[in-house]
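Only one structure is covered here, and it is reproduced in the block below.
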Amino acid sequence: MPRARVYVTLKKSVFDPQGRTIHEALRSMGYASVADVRQGKFFEVDLEGVAPDQARDTAEEIARRVLSNPVIESFRVEVEP
Amino acid sequence: MKAGVVVFPGSNCDHDTLHVLRDVCGQEARFVWHKEADLSGLDAVVLPGGFSYGDYLRTGAIARFSPVMRAVGDFAAKGGAVLGICNGFQILQEAGLLPGAMLRNRGVKFLSRPVHVRVERGHTIATEGLRVGEVLTMPIAHGEGNFYATDEELDRLEKNGQVVFRYTTREGRLDTAANPNGSARAIAGISNEAGNVVGLMPHPERAAEPLLGSSDGRRVFEALVRAVQSRAVAV
């Protein structure tokens, strides 16, 4: 059963208040090397009865229509056969 | 005016909104369950505040696929009056009926307190009969109300006069401290190009009677009534 992994992140141009807060917390804990933190979302989508390349098409469509909001987010899809 | 108040699983301002339309403004109003797909006979549709589908995935992201939203889209396309309050605004954005998107509040915290908003455009379904420049006091209650759009989109909204409300001081002055959530250009409410679909983050239904500390919100609902009635006359 192919499994799609979908990573959704805020676009680079969009301010990420949660990432900023985590970043500040890490700095205050002494992790001086942390230059930036961006928070995102991760989905595992299991698909049944489809070939891997079709699974990719379906997962990309789902990511575009539902899992991400194209106004503020971008996504990346990985498919495991 | 006959208004419908849409009820999604997780809506929690639906009863307040119905109460204001019916008992405060003296209009006919009924609930519209999110599985209904027929809005015939209604003059206006209000998408109330709350946490539809628990705000899972993104605010409004699941609700926008409810059967009723296709009907709301058709209703809006025909010029019907659609008002989205808080979560209702977020649902309209997710559905593509209003531009932009909401980010987490700049300060990350959920904010629940009164704010002041300035009327930026009259002659929308939420501001018909209100004066441009007047200031209304209403509460906000949201974690994701930080309005975002690209600079080009923001310029386009300003040029088209689609900015309906902006966060200001009580005196109506723009001030970073008066912008509670970091919204781009202090935008608290916008409309579509035609002005028949409006979304705003403050809750007019929570400020519609003197007992609640402000009755400014009542004026938003009265504007809706005026807008619908003046159009009905025109038709």
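For the protein sequence lines, the chains are A and B, in the order given. Each residue of the first sequence is one higher than the one before, counting from 0 in numbering that gives the first Met the number 0. Each residue of the second sequence is one higher than the one before, counting from 0 in numbering that gives the first Met the number 0. Note that beta-carbon positions come from the ideal geometry of N, C-alpha and C, so glycine has one too.
Using a Cβ-Cβ cut-off of 8 Å, state whether residue i counts as contacting chain A.
i	result
Val107 (chain B)	yes
Leu103 (chain B)	A quick correction: the sequence has Arg, not Leu, at residue 103 (chain B). By this cut-off, Arg103 (chain B) is an interface position.
Would you mind telling me which residues of chain A sit closer than 9 Å to residue i, beta carbon to beta carbon, in chain order?
i	result
Tyr166 (chain B)	Ordered by position in chain A, no residue passes the 9 Å Cβ test against Tyr166 (chain B), which lies about 17 Å from the chain.
Arg130 (chain B)	The premise fails here: Arg130 (chain B) is roughly 32 Å from chain A at the closest Cβ pair, so nothing lies under 9 Å.
Glu221 (chain B)	Result: empty, since nearest Cβ-Cβ is about 32 Å, beyond 9 Å.
Which residues in chain B sit within 7 Å of residue i, going by Cβ to Cβ distance?
i	result
Thr57 (chain A)	Those within 7 Å of Thr57 (chain A) in chain B number zero; the least Cβ separation is about 17 Å.
Val5 (chain A)	Neighbours of Val5 (chain A) on chain B: none; closest Cβ ~12 Å, over 7 Å.
Ile71 (chain A)	Ala100, Leu102 and Tyr147
Thr20 (chain A)	Val107
May I have the straight-line CA-CA distance separating residue i from residue j, to the nearest angstrom?
i	j	result
Lys108 (chain B)	Val49 (chain A)	43 Å
Pro69 (chain A)	Pro16 (chain A)	18 Å
Arg19 (chain A)	Gln26 (chain B)	46 Å
Ala178 (chain B)	Leu156 (chain B)	In the sequence as displayed, the identity of residue 178 (chain B) is Asn instead of Ala. Whole-angstrom Cα-Cα distance: 19 Å.
Ala28 (chain B)	Arg169 (chain B)	32 Å
Leu25 (chain A)	Leu41 (chain B)	53 Å
Asp154 (chain B)	Leu210 (chain B)	39 Å
Glu221 (chain B)	Cys24 (chain B)	7 Å
Pro138 (chain B)	Glu23 (chain A)	30 Å
Is it true that the CB of residue j sits closer than 8 Å to the CB of residue i?
i	j	result
Asn104 (chain B)	Glu151 (chain B)	no
Glu35 (chain B)	Val71 (chain B)	no
Ala43 (chain B)	Met101 (chain B)	no
Ala226 (chain B)	Arg217 (chain B)	no
Ile189 (chain B)	Gly87 (chain B)	no
Asp3 (chain A)	Val65 (chain A)	Here residue 3 (chain A) turns out to be Ala, not Asp, going by the sequence shown. Their beta carbons are not under 8 Å apart, which means Ala3 (chain A) does not touch Val65 (chain A) by this criterion.
Gly3 (chain B)	Leu38 (chain B)	yes
Give me the chain D residues within the contact set of residue i, using Cβ-Cβ distance strictly less than 9 Å, ordered along the chain.
i	result
Glu93 (chain B)	The displayed structure is made up of protein chains A and B, and chain D is not among them.
Using a Cβ-Cβ distance cut-off of 8 Å, determine whether residue i contacts chain B.
i	result
Val13 (chain A)	yes
Check the Cβ of residue i against every Cβ in chain A and list those closer than 8 Å, keeping chain order.
i	result
Arg57 (chain B)	Asn68
At what residues does the alpha helix (DSSP H) containing residue i begin and finish?
i	result
Lys1 (chain B)	Per DSSP, Lys1 (chain B) belongs to no alpha helix (DSSP H); it is in the beta strand (DSSP E), Lys1 to Val6.
Phe74 (chain B)	Pro66 to Ala76
Phe88 (chain B)	Asn86 to Glu93
Against residue i, what residues of chain B qualify as contacts under a CB-to-CB distance less than 8 Å, listed in chain order?
i	result
Gln17 (chain A)	Arg103 and Val107
Note the first and the last residue of the continuous beta strand (DSSP E) segment covering residue i.
i	result
Phe41 (chain A)	Gly39 to Asp45
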